[in-house]
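Student: Before I ask anything, let me first share the structure, which is written out below as structure tokens.
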Amino acid sequence: MIKDTFRFQRLEIWKAAILYARHIYIAADKLPKSELFGLVSQLKRAVLSISSNIAEGSGSITINDFSHYLDISIKSTIETVSELLFALEMGYLSEKDVILLYDEAELLIKRIQSFKKSLGRKNE
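With our numbering applied, the sequence shown covers 74 to 197.
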């Protein structure tokens, strides 16, 4: 079993972001090979940016710095959704698949925002 030495490994929002990335990777594998270096690559980079920014921010010394990284993770989630909607528009993914991933993104953003607010309360 891998140790959980790093703070981010214990954060529920990081775990949720990793699960979301797994779901996006599965969806990305359904995209055509012609999009391998375009949409597939961009989608995977965007979704990995969510958990990466949560992890990076967790190493921050100040709450404001951590909060900044959480903002970036929210923006990366929004970018991921935009790319999913484009994949739907192009007929690469089914509406059912995109709706599930869209809903998961909405929930993830709410969880990140809630966590961010809790950081502010700890600072009071």
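Don't be surprised by glycine CBs; every beta carbon is placed ideally from N, CA and C. Just so it is clear, the structure is predicted and the values come from calculations on it, not from any experiment.
Starting from the C-beta of Met165, find all residues in its chain whose C-beta is less than 8 angstroms away, skip the five residues before and the five after it, and write them out in chain order.
Tutor: For the record, residue 165 in the displayed sequence is Tyr; it is not Met. Result list for Tyr165: Lys103, Leu104, Pro105, Glu108 and Leu112, in chain order.
Student: Go ahead and label Glu179 buried or exposed: buried means 16 or more other beta carbons lie within 10 angstroms of its beta carbon, across all protein chains shown.
Tutor: Exposed, since its Cβ has fewer than 16 Cβ neighbours within 10 Å.
Student: Name the two residues that bound the continuous alpha helix (DSSP H) containing Val113.
Tutor: It is not in any alpha helix (DSSP H) - Val113 carries neither H nor E in the DSSP assignment.
Student: May I ask which residues mark the beginning and end of the alpha helix (DSSP H) holding Asp144?
Tutor: Note, Asp144: alpha helix (DSSP H), Ile136 to Glu162.
Student: Grouping DSSP H, G and I as helix and E and B as strand, with all else coil, what is Glu193?
Tutor: First, the residue type needs correcting, since residue 193 is Gly and not Glu in the sequence shown. It is helical.
Student: Which residues in the same chain as Ala160 place their Cβ atom closer than 6 angstroms to its Cβ, once the five residues preceding and following it in sequence are excluded?
Tutor: Only Leu166 meet the Cβ criterion.
Student: Taking DSSP as the reference, what is the three-state secondary structure of Leu104?
Tutor: DSSP places Leu104 in coil when its eight states are reduced to three.
Student: Given that a residue counts as buried once 16 or more other Cβ atoms are within 10 Å of its Cβ, and exposed if not, what is Ser124?
Tutor: Classification for Ser124: buried.
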